[in-house]
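Residue numbers (full-length UniProt numbering): 1 to 198. Glycine included, each C-beta is placed from N, C-alpha and C at the ideal position. Heads up, the thing below is written out as structure tokens.
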Amino acid sequence: MKSIKEKSISELEIQKSKFITVLYPIHNIEEVKEALLEAKKEFPNATHYCYAYILDQNERCSDDGEPSKTAGMPMLNVLKMQDYQHILAIVVRYFGGIKLGAGGLVRAYTKAMTTALENIIPVSLIPGNRYEISFSYEQLKDIDHLLKNVIIKEKNFGEAIRYQIDLPIESSESILQSLKPKTIKIEKKDSIFISDVL
Numbered sequence: 001m002k003s004i005k006e007k008s009i010s011e012l013e014i015q016k017s018k019f020i021t022v023l024y025p026i027h028n029i030e031e032v033k034e035a036l037l038e039a040k041k042e043f044p045n046a047t048h049y050c051y052a053y054i055l056d057q058n059e060r061c062s063d064d065g066e067p068s069k070t071a072g073m074p075m076l077n078v079l080k081m082q083d084y085q086h087i088l089a090i091v092v093r094y095f096g097g098i099k100l101g102a103g104g105l106v107r108a109y110t111k112a113m114t115t116a117l118e119n120i121i122p123v124s125l126i127p128g129n130r131y132e133i134s135f136s137y138e139q140l141k142d143i144d145h146l147l148k149n150v151i152i153k154e155k156n157f158g159e160a161i162r163y164q165i166d167l168p169i170e171s172s173e174s175i176l177q178s179l180k181p182k183t184i185k186i187e188k189k190d191s192i193f194i195s196d197v198l
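Here's what the structure looks like:
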């Protein structure tokens, strides 16, 4: 399973229509809604904003006014065939005056997707868990040393220090065991996927 590390934009012209493909890494449905709004602001007055996304067991696509199953479904099929996950693809089309027909639209949206995916560096998705650990200020130096190769998503400094950390399932047990004597509390928050460059 793979995804992308950051937003990516590519552009293609087919029969005078401009196809702009915007790829986003996503972690929840809210990010999908935000990205769709962002694309409409970034590329105003387009004829269509077709999209497809895969997020765990959820997948969805939209033709946004193109004939049924000529845009969103081909886009989704490309993502599935290439084993992408946690990804949103939006293809913004500015109509150029030449009708492509159903087959031409399927080919155009498929090409827009494959071209966009050729221009990115994919990341592998590793199953993991997000933990929140709490510890005293006296333990800060030791904890930071133990976590030097760990993704720290968030740091909060209050009465005690709280870190949110992402650990791959395969190595989480040994890291958690080394943290236990130095922490006040370790709490599992979520099951997640961790990105690793392929």
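Per DSSP, residue 53 is paired with what?
-> For the purposes of this step, residue 53 is taken as residue 53 along the sequence shown, with counting starting at 1. Note: residue 53 sits in a beta bridge opposite 60 and 88.
Under a three-way DSSP split, which group does residue 144 fall into?
-> Along the sequence shown, read from residue 1 onward, the residue named residue 144 stands at position 144. Correct three-state label for residue 144: helix.
Taking the alpha-carbon positions, what's the residue 170 to residue 120 distance?
-> In the sequence shown, counting from the first residue as 1, residue 170 sits at position 170. In the sequence shown, counting from the first residue as 1, residue 120 sits at position 120. For residue 170 and residue 120, the distance between alpha carbons rounds to 27 Å.
Cβ distance (whole Å) where residue 126 is taken to contact residue 196 below 8 Å | Counted from its first residue, the sequence shown places residue 126 at position 126. Counted from its first residue, the sequence shown places residue 196 at position 196. That pair is a contact at about 6 Å.
In its own chain, which residues sit with a C-beta less than 7 Å from the C-beta of residue 67, not counting the 5 before and 5 after it?
-> Here residue 67 refers to the residue found at position 67 when the sequence shown is read from its first residue. For residue 67, where only same-chain residues beyond five positions count, the Cβ hits under 7 Å are 102 and 105.
Same chain, Cβ closer than 7 Å to residue 25, neighbours up to 5 away in sequence not counted = Your numbering for residue 25 matches position 25 in the sequence shown. Correct list, in chain order: 3, 4, 5, 6, 86 and 87.
DSSP on residue 192, reduced to helix/strand/coil?
-> Numbered from 1 along the sequence shown, position 192 holds the residue referred to as residue 192. The answer is strand: DSSP assigns residue 192 an E or B state.
Please classify residue 199: does DSSP put it in a helix, a strand, or coil?
-> Residue 199 falls outside the range modelled here, since the chain spans only 1 to 198, and no answer is possible.
Are three or more beta carbon pairs between the segment 138-146 and the segment 170-185 nearer than 8 Å?
-> yes
Leaving out five residues on either side along the sequence, give the residues of the same chain with a beta carbon under 7 Å from the beta carbon of residue 72.
-> Reading the sequence shown from its first residue, position 72 is the one you call residue 72. Within the same chain, residue 72 has close Cβ partners 50, 51, 52, 61, 62 and 63.
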